[in-house]
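Numbering (the numbering used here), first residue to last: -8 to 235. For every residue, glycine included, the Cβ atom is placed at its ideal position computed from N, Cα and C. Only one structure is covered here, and it is reproduced in the block below.
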Amino acid sequence: KRIRASLLELDHTPERLDGILITHEHSDHIAGLKVLAAKLGIPVYCNRHTAGEIRNHHDCNFNFRLFETGNSFEIGDFGVDTFPIPHDAVDPVGFTLHTPAVQIGFLSDLGHGTRLIADRVRQAEVLLLETNHDVDMLNNDPHRPWSLKQRIFSRHGHLSNEGAADFLQQLVHADLQHIFCAHLSRDCNTPELVREEITQKLSQLDATQVQVHITQQNKACPTLRIASKKKANSDEKSVATTSS
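Written out as structure tokens, the structure is:
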């Protein structure tokens, strides 16, 4: 229901989706899949190992479109490239989506940045980047056991605000226009801390042309209008994403 409501904010409906991209099998990323994909028959794009884990958790007939991690394919007007990311899932991936007008990098749920990831998204004009937690807030959180904190802090856990800012040194380039900060912890992060950390790093990198957007779990991201590289007119492309 929440995904449908977010799509309606953008004047879209789930029935109009050409496909759903799955990065990995954790519950916060596939919780709505049964209703959204199985009932509507929307194709679900993921690798074989992730599909196996989804089948183990959901007794549904999904319309899987399987890919091998590292391969490329097309969904409608978008080309999609896939690449491995470090996270504690069976075979987690990141994506780049591209048309003649724009390239979009999607990096969520990764414990640290790698050279391979940087190479795959280095030309992106739009980048969705995990900024999961503030290190001090997570350290001082009284509700999470130390074992969970260790998992989050690990190199296969989640990217902190500081970690994301440091990784930007490998990602920023002259054509980068937008950064969407994603996957914020509800109680171990704040939008204000994220914006401060990321904008400070962008200023240090002399990348003040980049607009910073903070995603929210209960609100849709804005639709961007991207000027085409090959045409004088504008070409609008939108991608529906969720942040948990």
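In chain order, what residues of the same chain lie with their CB nearer than 8 Å to the CB of serine 234, ignoring the 5 residues before and after it? If you number the sequence shown from 1, residue 234 lands on position 243. Because serine 234 sits at a pLDDT of 42, beneath the cut-off of 50, its placement in the model cannot be relied upon, and the following sentence gives the value as read from the coordinates. The answer, listed in chain order, is Ser99, Ala173, His174, Leu175, Thr206, Gln207, Gln208.
inquiry  = Pairs of beta-carbons, one from the segment 88 to 103 and one from the segment 129 to 139, closer than 8 Å: are there three or more?
reply    = no
If I follow the unbroken alpha helix (DSSP H) through valine 112, where does it start and stop? As a first step, residue 112 is located in the sequence shown; it is residue number 121 there, counting from the start. Residues 106 to 112.
| message | Assuming isoleucine 33 and isoleucine 11 are in contact, meaning their beta carbons sit under 8 Å apart, how far apart are those beta carbons, in whole angstroms? | response | As a first step, residue 33 is located in the sequence shown; it is residue number 42 there, counting from the start. As a first step, residue 11 is located in the sequence shown; it is residue number 20 there, counting from the start. Yes, they are in contact, since the Cβ atoms of isoleucine 33 and isoleucine 11 sit about 6 Å apart, within 8 Å.
Nearest-angstrom Cα distance between glutamine 195 and leucine 215? Position 204 of the sequence shown holds residue 195. Position 224 of the sequence shown holds residue 215. The straight-line gap from Cα to Cα measures roughly 26 Å.
Q.
Need the endpoints of the beta strand (DSSP E) that glutamine 202 sits in, please.
A. If you number the sequence shown from 1, residue 202 lands on position 211. Unbroken beta strand (DSSP E) run through glutamine 202: 202 to 205.
Return the chain-ordered ranges of every alpha helix (DSSP H) run that is complete within the segment 83 to 144 and spans a minimum of 4 residues. 106 to 112, 126 to 131, 137 to 144
Point to revise | Nearest-angstrom Cα separation, counted from glutamine 114 out to leucine 88 | key: One-based indexing of the sequence shown puts residue 88 at position 97. One-based indexing of the sequence shown puts residue 114 at position 123. Taking the straight line from one Cα to the other gives about 11 Å.
Is it true that the CB of aspartate 68 sits closer than 7 Å to the CB of threonine 90? Taking the first residue of the sequence shown as position 1, residue 90 is located at position 99. Taking the first residue of the sequence shown as position 1, residue 68 is located at position 77. Yes. Within cutoff.
Legend entry - Environment of histidine 78 [buried if 16+ CB atoms lie within 10 Å]: In the sequence shown, the residue the question calls residue 78 occupies position 87. When all chains shown are included, histidine 78 counts as buried.
Compare the C-alpha of cysteine 37 against each of Gln160, His17, Phe55 and name the closest.
-> The count along the sequence shown starts at 1 and reaches residue 37 at position 46. Checked all of Gln160, His17, Phe55; the closest Cα to cysteine 37 is Phe55.
Exercise for review: Helix, strand or coil for histidine 149, going by three-state DSSP, please let me know.
Suggested key: Indexing the sequence shown from 1 puts residue 149 at position 158. Reduced to three states, the DSSP call for histidine 149 is coil.
Just verifying my parser: in three-state terms, what is the DSSP assignment at alanine 28? Walking along the sequence shown from the start, residue 28 turns up at place 37. Of the three classes helix, strand and coil, the one that applies to alanine 28 here is helix, per DSSP.
Return the chain-ordered ranges of every beta strand (DSSP E) run that is complete within the segment 156 to 208 and spans a minimum of 3 residues. 169 to 173, 202 to 205
Problem - Outcome for serine 241 when other beta-carbon atoms lying within 10 angstroms are tallied against a minimum of 16 - result: Since the first residue of the chain shown is -8 and the last is 235, residue 241 is not available in this structure.
Quiz item: By DSSP, does lysine 65 sit in helix, in strand, or in coil?
Solution: For this step, residue 65 is matched to residue 74 along the sequence shown. Going by the sequence as given, residue 65 is glutamate instead of lysine. If DSSP states are grouped into helix, strand and coil, glutamate 65 belongs with the strands.
- Under 8 Å Cβ to Cβ from glutamate 116, same chain only, skipping five residues before and after it: list those, please. To locate residue 116, count along the sequence shown from 1; it is residue 125. Excluding positions up to five away in sequence, the list reads Val93, Gln94, Ile95, Asp166, Leu167, Gln168, His169, Ile217.
Look at the alpha carbon of asparagine 52 and the alpha carbon of glycine 61, and state the distance between them as a whole number of angstroms.
Locating residue 52 in the sequence shown gives position 61, where the first residue counts as 1. Locating residue 61 in the sequence shown gives position 70, where the first residue counts as 1. Between asparagine 52 and glycine 61, the C-alpha separation is close to 26 Å.
Checklist line | Contact under 7 Å by Cβ, threonine 122 with valine 185 | finding: As a position in the sequence shown, residue 122 is number 131, starting the count at 1. As a position in the sequence shown, residue 185 is number 194, starting the count at 1. For threonine 122 and valine 185, yes; Cβs fall inside 7 Å.
Item to check | Assumed close pair alanine 80, histidine 15 - CB separation to whole angstroms, cut-off 8 Å | outcome: Looking up residue 80 in the sequence shown gives position 89. Looking up residue 15 in the sequence shown gives position 24. Yes, they are in contact, since the Cβ atoms of alanine 80 and histidine 15 sit about 4 Å apart, within 8 Å.
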